[in-house]
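The opening position of the sequence shown corresponds to residue 178 in the working numbering, with each subsequent residue numbered one higher.
Beta carbons are placed, not taken as given, at the ideal position from N, Cα and C, and that holds for glycine.
Small disclaimer: the values here were computed from a predicted structure and weren't measured.
What follows is a short report on a single structure.
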Amino acid sequence: MDEKSLYAHILNLSAPWQVKSLSLDENAGSVTVTVGIAENTRLACPTCGKSCSVHDHRHRKWRHLDTCQFTTIVEADVPRIM
178 MDEKSLYAHI LNLSAPWQVK SLSLDENAGS VTVTVGIAEN TRLACPTCGK SCSVHDHRHR
238 KWRHLDTCQF TTIVEADVPR IM
């Protein structure tokens, strides 16, 4: 299992979400996991369930449970739909 698959499993990601990149900063004692969706992905409206295109994104960061001795930060450009 590679690192991206491991973190996708740890974060319990499912389609269309995927791990885009990982970054380890040993000096800061942190690992940053960047997640996102594939380009041109259509998402379901949370109200009516209709398939919608992505309007824009909002960059967000969250602290996750530590990975061994490393602070784990999850970053994503969260899509907003029309």
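Can you tell me where the alpha helix (DSSP H) with residue i in it begins and where it stops?
i      : result
Thr252 : The question names Thr, but residue 252 in the sequence shown is Glu. Run containing Glu252: none in the alpha helix (DSSP H); it sits in the beta strand (DSSP E), Phe247 to Ile258.
Taking only the alpha-carbon atoms, compute the straight-line gap between residue i and residue j and give it to the nearest angstrom.
i      : j      : result
Asp179 : Met259 : 35 Å
Ala221 : Cys229 : 6 Å
Ser198 : Ala253 : 11 Å
Val196 : Thr248 : 17 Å
Ser191 : His234 : 19 Å
Please list the terminal residues of the continuous beta strand (DSSP E) segment that includes residue i.
i      : result
Lys181 : Where Lys181 is concerned, there is no enclosing beta strand (DSSP E), although the alpha helix (DSSP H) it sits in stretches over Glu180 to Ile187.
Gly213 : Ser207 to Ile214
Lys227 : Careful: Lys227 lies outside any beta strand (DSSP E) and carries neither H nor E.
Write down the C-beta distance between residue i and residue j rounded to the nearest angstrom, noting that I regard them as a contact closer than 8 Å.
i      : j      : result
Arg257 : His232 : 5 Å
Let me see if you follow: with CB-CB separation under 8 Å, is residue i close to chain D or not?
i      : result
Ser230 : Here there is only one protein chain, and chain D is not present.
Taking buried to mean at least 16 other C-beta atoms within 10 Å of its own C-beta, is residue i buried or exposed?
i      : result
Val208 : buried
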